[in-house]
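Going down the list, the protein sequences come from chains A and B. Residue 216 in full-length UniProt numbering is what sits at position 216 of the first sequence, and the numbering runs on without skipping anything. Residue 412 in full-length UniProt numbering is what sits at position 412 of the second sequence, and the numbering runs on without skipping anything. Glycine included, every Cβ here is placed at the ideal spot set by N, Cα and C. Notes follow once the structure below has been shown.
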Amino acid sequence: MLAFLLKRLLNAAFVMLAVAFLAFMIFRFFGDPVEMMVNEQATQSDRAELRERLGLNDGLMTQYARFVGNAVQGDFGISYRNQQDVMVLLADRFPATFELVIVATVLSLVIGIPFGVLTAVYQERKLADGLQLGSIIGVSLPSFVVGILLILVFSVTLGWLPAFGRGDTVDIGWWSSGFFTSSGRAALVLPSISLSLFQITLVMRLVRAEMLEVLRSDFIKFARARGLPLSVVHWRHALRNCLMPVITLTGMQIGNLIAFALVTETVFQWPGMGLLFIQAVTFVDIPVMAAYLMVVAFIFVLINTLVDITYAYVDPRLRNDASVKGGASNGH
Amino acid sequence: MRLKPKFILTSAALLLACSTAQADVLKWGASRDIGSLDPYSYGDSFTINVLNHTYEGLVRYDKNLKIEPALAESWEILDDQITWRFKLRPDVTFHNGNTFTAEDVVASLQRVSHETSPLKGNLPAYVSSKVVDDLTVDVVLTGPYPLLLNDLTNIHIFDKQWMVENDAELPTDIGAGTEGYATYNANGTGPFIVESRQPDAKTVFVVNPDWWDTPEHNLTGFELLPVNSAATRVAAMLSGEINFTNDAPVQDLPRLAAAPDVNVLEGVDLRTVMLGMSFRDKLVSGLDNPFKDVRARKALYQAIDMEQLRKKVMREKSRNAGAVIAPPIPGYTEALDERFAFDVDAAKALLAEAGVPEGLEFDFNCLQDGLVNEEQICQAIAAMWSRIGLKPNLDVAPQAVQTPKRTTGKADVYTLGWATLPMLDAYSPLLQIFHSKEGNSGVFNWGDWSYPELDKLVQSAGSELDLEKRIALETQALQIVKDEVIMIPLHQQPMVWATTKNVSDMPLFPDNKPRLWYASMK
């Protein structure tokens, strides 16, 4: 088990190094931050000095080594645009993104699971057809279009919900939460719907497929034969057997949602990490872009590693298999 | 982190019905946020513009963009011609209650001109300053320099004691990787006090009851609400969540104008859009560069149908320009503004005279995120040039990608917009664009041209203290720019602001900077 753990962690570290290098290469050719940082009046020598001070004249490997060295200590430097510590900046924005993702996830489960069951149980009915069709639209509409449509209907025409921003927030330690004010909750509605739409259809289709499978199994037939009410059979016995894959999928999708909240955050001016990243891109704010990529990559790597370890813990065959492979490669 | 307690301003009901409930707090939906609360953080016009509501300079622009006294009441140039003596306004206090004195001016000028300050280019002639008495300051310059007041309009004055207490005497040094107190906190003398700030979400300003000047506004405060997405900003305007935007997208104007609760304010920006050409021996492709010949440059000029461009691309919102500066800028004359006629045959003849080979290919460098409708402008012009037998290769990409190509001469023809900010004088483009590239001059001389005669005129204008003589020198220099077609002027671009109906007064300024201390609401 120890060898397996070590190998997984080494793997994770290697992935992070590769991401760091990729991020670095991209930004190297992305453009010139100095031109964006000085104003029209700045002289050529001002520019040259700034370039030198930022260390942009050093060799690529030197810059990369310095970046990794600092990143390991959690130091990503200070943002070119905001002149704030990048980690503080990201930590400040993380609550906004995380709350949005959590609400979107809850929405996707609360709506997706019942819809999945309904389409499976009432396969032959118009309602199921309608939901299926709706789900295709949900998958195919780009989320910025969905966002703008929601804004047009619920903010401009009906005037019910705010079109942008996060409303008022309450600070709990370093976490700023929008859950505790009515404007904060109102502001969450449209962006979380827009973000969850894809997720809802994913959950719905997964539940439907699993349900169809389970409904054909013997224990459901026996349950029916015992004369249990159909609602109990469907919603208790059958559904319970479908939930495992849904939970796995949801866990894995949280990383995706954090990464893809970017578009939703841009449309709704949601002050999260995605918005920060987009602005960093337009400004060639290299420290912020690099740190964002590293953080998102870290979330993915962390989730994957945890999942691997859990599986290995649950199923010893995986562990043995892996440690055999690990031993072999150590022999080379 | 955030040192001020977060201010919970309104309930959701207020947020949803903000336009009626809080008529005197103006909600300003901007297309971007300010970078920090430190006006010296980097030379970004928008940040300086917004922070001008909190910080003030020794002098400022009035409603007609003429310089008027602000924190200084009067000034004179001493006999040595290089020392300026400022008499300061008495009884001015900072937002923290401290009294404004000469010490504050000296400390602020030292801060802005420090070698790590990104804004030191905004005060190019500054050498040193010293306190004469509590309300008198002497500023020493490198030589006779006529534009000090123009420069000072954008140099904001800090409280020395506040800077010392918070270790903020030096500007934030990005290279050193340190953060600054002034990045998160503000303490000026201006009409509005910063109450709270959440980057990318909301910055709240409340009125300063102890402002030295008589307010012409009736606001109790304003909120800066950045909304980057243009569609969302328009929606927020239509739903009344914002009262004002200084960046209404041109394509949404009909929609905004048709809305019953929205007023659209249109004007012409001071920014003149022009095209520059490389004057190097070779083009990027390695071919001989025909644009070294003034006839070839003039051919490019005369092949552009500005009327078509104005109608089709700019939707009749722009103003065709013959001069490289806008009419309100000192140095402008009507004669300079006369365009060379649009004439395809003349253009073809000029190309032939200059010996430009048929089907000449060259790179045409444009920005995706630069000027108003820049991409469409470039496409239209490229099509017009192919009509006279040239083959421009359009290269469109974001600013961050294009700028390095431009500064290193990897662009044969390129776009440039110049508003002369913050100086508001023809000296700005003459020194920065048209002067030969040497030392601190010609930083934007991307085509690498050199006209010694023009350089001389610019240099004498830069030390001529007599206003009329100086303007005459600048006009002469601009005449050379025009005769030699150093750059091709196109137009001044449109500028569109919008307000909801409950904003009764919002003066539109041609430098595209909102000044909310002149705004009022019903």
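Residue 485 of chain B (DSSP reduced to helix, strand or coil):
By one-based count along the second sequence, residue 485 of chain B stands at place 485. In the structure shown, residue 485 of chain B sits in coil (DSSP, three-state: anything other than H, G, I, E or B).
Can you tell which of A:185, A:259, A:270 and A:206 has the C-alpha that lies nearest to the C-alpha of residue 225 of chain B?
If you number the second sequence from 1, residue 225 of chain B lands on position 225. Of the candidates A:185, A:259, A:270 and A:206, the one whose C-alpha sits nearest the C-alpha of residue 225 of chain B is A:270.
For residue 141 of chain A, would you say it is in contact with chain B, using Cβ-to-Cβ distances shorter than 8 Å as the test?
By one-based count along the first sequence, residue 141 of chain A stands at place 141. No, because no Cβ of chain B sits closer than 8 Å to the Cβ of residue 141 of chain A.
List the residues of chain A whose Cβ lies closer than 7 Å to the Cβ of residue 26 of chain B, in chain order.
Sequence index remark: in the second sequence, residue 26 of chain B carries index 26 (1-based). Chain A residues near residue 26 of chain B: none, gap ~16 Å exceeds 7 Å.
For residue 267 of chain B, list the residues DSSP reports as bridge partners.
Indexing the second sequence from 1 puts residue 267 of chain B at position 267. Paired residues: B:495.
Among B:456, B:327, B:346 and B:195, which residue has its Cα nearest to the Cα of residue 205 of chain B?
As a first step, residue 205 of chain B must be located in the second sequence, where it is residue number 205. Closest by alpha carbon: B:195.
Determine the contact status of residue 24 of chain A and residue 290 of chain A, defining contact as a CB-CB distance below 8 Å.
Taking the first residue of the first sequence as 1, we reach residue 24 of chain A at position 24. Taking the first residue of the first sequence as 1, we reach residue 290 of chain A at position 290. It is a contact, given that the beta carbons lie within the stated cut-off.
Using a beta-carbon distance below 8 Å, is residue 2 of chain A in contact with chain B?
As a first step, residue 2 of chain A is located in the first sequence; it is residue number 2 there, counting from the start. Residue 2 of chain A does not count as touching chain B.
Which of the three DSSP states is assigned to residue 399 of chain B in this structure?
Here residue 399 of chain B refers to the residue found at position 399 of the second sequence. Reduced to three states, the DSSP call for residue 399 of chain B is helix.
On the criterion of 16 or more Cβ atoms from any shown chain inside 10 Å, does residue 316 of chain A qualify as buried, or is it exposed?
Counted from its first residue, the first sequence places residue 316 of chain A at position 316. That one is exposed.
In angstroms with no decimal places, state the Cα-to-Cα distance between residue 250 of chain A and residue 125 of chain A.
Position 250 of the first sequence, counting from 1, holds the residue named residue 250 of chain A. Position 125 of the first sequence, counting from 1, holds the residue named residue 125 of chain A. Going from the Cα of residue 250 of chain A to the Cα of residue 125 of chain A covers about 28 Å.
Could you tell me if the beta carbon of residue 360 of chain B falls within a distance shorter than 7 Å of some heavy atom in the ligand ATP?
This structure lacks the ligand ATP; in fact it carries no ligand of any kind.
Note down, one range per segment and in chain order, each beta strand (DSSP E) of at least 3 residues found wholly within the region 128-185 of chain A.
170-172 and 175-177
Buried or exposed: which applies to residue 52 of chain A, given that a residue is buried once 16 or more other Cβ atoms fall within 10 Å of its Cβ?
On the first sequence, position 52 is the one that residue 52 of chain A refers to. That one is exposed.
Since residue 261 of chain B and residue 286 of chain B should fall inside the 8 Å C-beta cutoff, what is the C-beta to C-beta distance between them, to a whole number of angstroms?
For the purposes of this step, residue 261 of chain B is identified with residue 261 of the second sequence, where counting begins at 1. For the purposes of this step, residue 286 of chain B is identified with residue 286 of the second sequence, where counting begins at 1. So it is not a contact: roughly 59 Å between Cβ atoms.
Selection of the region 260-273 of chain A by Cβ proximity to chain B, strictly under 8 Å:
266, 267, 268, 269 and 271
Using CA coordinates, which residue listed in B:432, B:379, B:390 and B:343 is at the minimum distance from residue 360 of chain B?
Translated into positions along the second sequence, residue 360 of chain B becomes position 360. The residue with the shortest Cα to Cα distance from residue 360 of chain B is B:390.
Under the three-state DSSP convention, the category residue 37 of chain B falls into
Within the second sequence, numbered from 1, the residue matching residue 37 of chain B stands at position 37. In this structure, residue 37 of chain B counts as coil in the three-state DSSP scheme.
Minimum Cβ-Cβ distance from residue 164 of chain A to chain B less than 8 Å:
Your numbering for residue 164 of chain A matches position 164 in the first sequence. So, interface residue.
From the DSSP output, in three-state form, read off residue 8 of chain A for me.
One-based indexing of the first sequence puts residue 8 of chain A at position 8. DSSP places residue 8 of chain A in helix when its eight states are reduced to three.
Taking C-alpha atoms, which residue in A:66, A:198 and A:81 lies nearest to residue 35 of chain B?
As a first step, residue 35 of chain B must be located in the second sequence, where it is residue number 35. The option with the nearest alpha carbon to residue 35 of chain B is A:81.
Residue 62 of chain A vs residue 254 of chain A beta-carbon contact at 8 Å
Here residue 62 of chain A refers to the residue found at position 62 when the first sequence is read from its first residue. Here residue 254 of chain A refers to the residue found at position 254 when the first sequence is read from its first residue. Going by C-beta atoms, residue 62 of chain A is not nearer than 8 Å to residue 254 of chain A.
Contact set between the region 214-227 of chain B and chain A, restricted to residues whose Cβ is under 9 Å from the partner:
Result list: 225, 226 and 227.
Any beta carbon of chain B sitting closer than 8 Å to that of residue 9 of chain A?
Within the first sequence, numbered from 1, the residue matching residue 9 of chain A stands at position 9. No - not a single Cβ of chain B is within 8 Å of the one on residue 9 of chain A.
Beta strand (DSSP E) containing residue 460 of chain B: first to last residue?
For the purposes of this step, residue 460 of chain B is identified with residue 460 of the second sequence, where counting begins at 1. Premise fails: residue 460 of chain B lies in the alpha helix (DSSP H), 452-461, not in any beta strand (DSSP E).
Give, in chain order, every unbroken run of the alpha helix (DSSP H) that is at least 4 residues long and sits entirely within the region 166-196 of chain B.
181-184
Using 10 angstroms around the beta-carbon of residue 449 of chain B, count the other beta-carbons present and answer buried if the total reaches 16, otherwise exposed.
The residue labelled residue 449 of chain B in the question sits at position 449 within the second sequence. Buried, because 16 or more other Cβ atoms sit within 10 Å of the Cβ of residue 449 of chain B.
Close beta carbons around residue 55 of chain B, own chain, < 6 Å, minus the five adjacent residues each side:
As a first step, residue 55 of chain B is located in the second sequence; it is residue number 55 there, counting from the start. Same-chain partners within the cutoff: 39, 156, 188 and 190.
The region 94-108 of chain A in contact with the region 190-203 of chain A per 3-pair CB rule at 8 Å
yes
Please confirm whether residue 82 of chain A has its beta-carbon closer than 8 Å to some beta-carbon of chain B.
Mapped onto the first sequence, residue 82 of chain A falls at position 82. The beta carbon of residue 82 of chain A falls within 8 Å of a beta carbon belonging to chain B, placing the residue at that interface.
Can you tell me where the beta strand (DSSP E) with residue 594 of chain B in it begins and where it stops?
Past the edges of chain B, shown from 1 to 522, lies residue 594 of chain B, and the structure says nothing about it.
Among B:114, B:419 and B:91, which has the Cα closest to the Cα of residue 123 of chain B?
Stepping through the second sequence from its first residue, residue 123 of chain B is reached at position 123. Nearest C-alpha to residue 123 of chain B: B:114.
Which class does residue 42 of chain B belong to by DSSP, given the choice of helix, strand or coil?
Residue mapping note: residue 42 of chain B aligns to position 42 of the second sequence, counting from 1. DSSP places residue 42 of chain B in coil when its eight states are reduced to three.
Using the Cβ count rule (16 or more neighbours within 10 Å means buried), how would you classify residue 21 of chain B?
Here the question's residue 21 of chain B lines up with position 21 in the second sequence. Residue confidence is low: residue 21 of chain B scores 41 on pLDDT, short of 50, so the model does not pin down where it sits. No coordinate-derived value is stated.
Counting only beta-carbon separations shorter than 8 Å, does residue 64 of chain B have a partner in chain C?
Structure shown: chain C not included; protein chains present are A and B.
Any beta carbon of chain A sitting closer than 8 Å to that of residue 253 of chain B?
Residue numbering aside, residue 253 of chain B sits at position 253 when the second sequence is read from its first letter. Answer no: the Cβ-Cβ gap between residue 253 of chain B and chain A never drops below 8 Å.
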